[in-house]
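**Q** Its first residue numbered 936, the sequence shown is counted upward by one per residue in the numbering used here. Ideal placement from N, C-alpha and C gives every residue a C-beta, glycine not left out. Have a look at the structure that comes next, please.
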Amino acid sequence: MSKHYFATAGKSAVGMVRAGNEDSAMTSNYLVAVADGMGGHTAGEVASKIAVRAIAAIAKSIRNKDLTKEERDELLVNSIAQIDLALAQSVDDNPSLAGMGTTLSALFLHDGEIALLHIGDSRIYRLRGNTFEQLTTDHTVIQDLLDQGAITHAEIATHPQRSVLTQVLMGEGRHLPGLTTLEIKADDRFLLCSDGLTGVLSDKEIKTILKGKGRGTAVDALIEAAHLNGAPDNVTVIVADLLENDIQEPESYLGAAK
């Protein structure tokens, strides 16, 4: 079986309105992750950093064990509960962090397949040839209403609940993360991003920018396009190309996770 790895590029930008960056992200040749924190003062930064640093440690631990797919997936799902507990402990230690929370979306390349872990509204897309597909489902009130046929896509921009999450890590023990397994296909391109990108660019616009560019160029162009559209939120973008063979790419942390 051929080995595969993620070749990555990523950036996290404050945007045009926010005073600080509450997004966190990390890249490596086997794990890519994005977390979008929320909360007053620096609380969002703390939450997203905890999530990204924790999933990185858990993925590294899994790689050092001889596990079945079922055992691996159980550990990944349980990692969400561990991160949630870590957030709760942080609030206990520092009550000023009360109300903080974070999304988390990650791809973990392990044992010949890709595990996708997701909670919140940060997104993961896949570009395969000319097919651009959103692999995650937003855990939002808006998405629930769309699924029910209660609203149309045209109504999203003005809906009063457009930013309300139904699933998020807040240290409260109420979460049902999505975990799916993806087949490996060399030359697939993945995009992980916070809603600071998808809130100002359509999927069609993102695909146009993403296709046919080098990883670093695509990341820069997506960040620039978000800024040109006002960038009212932090913008974090990771482009990960799935390539054959295996190299050692050092871990890199972005945004608040640095």
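Can you look up Arg1007 in the DSSP assignment and give me helix, strand or coil?
**A** Helix, per DSSP.
**Q** For Ile985, collect the residues of the same chain with a Cβ closer than 7 Å to its Cβ; drop the 5 residues on either side in sequence, then sort them by chain order.
**A** Ile1018, Ala1021, Leu1022 and Ser1025
**Q** What did DSSP end up calling Met936 once you bin it into helix, strand or coil?
**A** Only weak support exists for where Met936 lies, its pLDDT of 48 falling under 50; the value from the coordinates is given anyway. Here Met936 sits in coil by DSSP.
**Q** So what does Ala960 bridge to, in DSSP terms?
**A** Among the bridge pairs identified by DSSP, Ala960 is matched with Val969 and Leu1189.
**Q** In the DSSP output, which residue or residues are listed as bridge partners for Thr1116?
**A** DSSP lists Ala1050 as partners of Thr1116.
**Q** Can you tell me where the alpha helix (DSSP H) with Asp1155 in it begins and where it stops?
**A** DSSP places Asp1155 inside the alpha helix (DSSP H), whose first and last residues are Arg1150 to Leu1163.
**Q** Could you tell me how far apart the beta carbons of Leu1189 and Thr1171 are, in whole angstroms, since I believe they sit closer than 8 Å?
**A** 7 Å
**Q** State buried or exposed for Asn1029, treating a residue as buried only when at least 16 other CB atoms are found within 10 Å of its CB.
**A** exposed
**Q** By how many angstroms is the C-alpha of Gly1047 removed from the C-alpha of Val981?
**A** About 33 Å.
**Q** At 4 residues or longer, what runs of the alpha helix (DSSP H) sit wholly inside the segment 1097 to 1141?
**A** Counting whole runs of 4 or more residues, the segment 1097 to 1141 contains the alpha helix (DSSP H) stretches 1130 to 1133.
**Q** Given a threshold of 16 other Cβ atoms within 10 Å of its Cβ, counted over all protein chains shown, does Asn1180 qualify as buried or as exposed?
**A** exposed
**Q** Is it true that the segment 1008 to 1016 meets the segment 1100 to 1114, where meeting means three or more beta-carbon pairs spaced less than 8 Å apart?
**A** Judged by Cβ distances under 8 Å, the segment 1008 to 1016 makes contact with the segment 1100 to 1114, as three or more pairs qualify.
**Q** Which of the three DSSP states is assigned to Gln1069 in this structure?
**A** The three-state secondary structure of Gln1069, taken from DSSP, is strand.
**Q** Distance check for Arg1061 and Gln1069, CA to CA, integer angstroms please.
**A** 7 Å
**Q** Measure the C-alpha to C-alpha separation of Leu1145 and Asn1065 and round it to an integer number of angstroms.
**A** 11 Å
**Q** Using a threshold of 8 Å, state whether the C-beta atoms of Asn1169 and Arg953 are closer than that.
**A** Contact annotation: Asn1169 and Arg953 have beta-carbon atoms nearer than 8 Å.
**Q** Taking the continuous beta strand (DSSP E) assigned at Ser1040, which residues delimit it?
**A** Leu1039 to His1045
**Q** Roughly how many angstroms lie between the CA atoms of Lys1139 and Phe1067, to the nearest whole one?
**A** 9 Å
**Q** Leaving out the 5 sequence neighbours to the left and right, which residues in its chain are closer than 7 Å to Ile1182 when beta-carbon positions are compared?
**A** Within the same chain, Ile1182 has close Cβ partners Tyr940 and Asn964.
**Q** Can you grab the Cα-Cα spacing for the pair Thr1038 / Asp1155, in whole Å?
**A** The alpha-carbon atoms of Thr1038 and Asp1155 are separated by roughly 23 Å.
**Q** Just mark Ala978 as buried or exposed, buried being the case when its beta carbon has 16 or more other beta carbons within 10 Å.
**A** Buried, since its Cβ has 16 or more Cβ neighbours within 10 Å.
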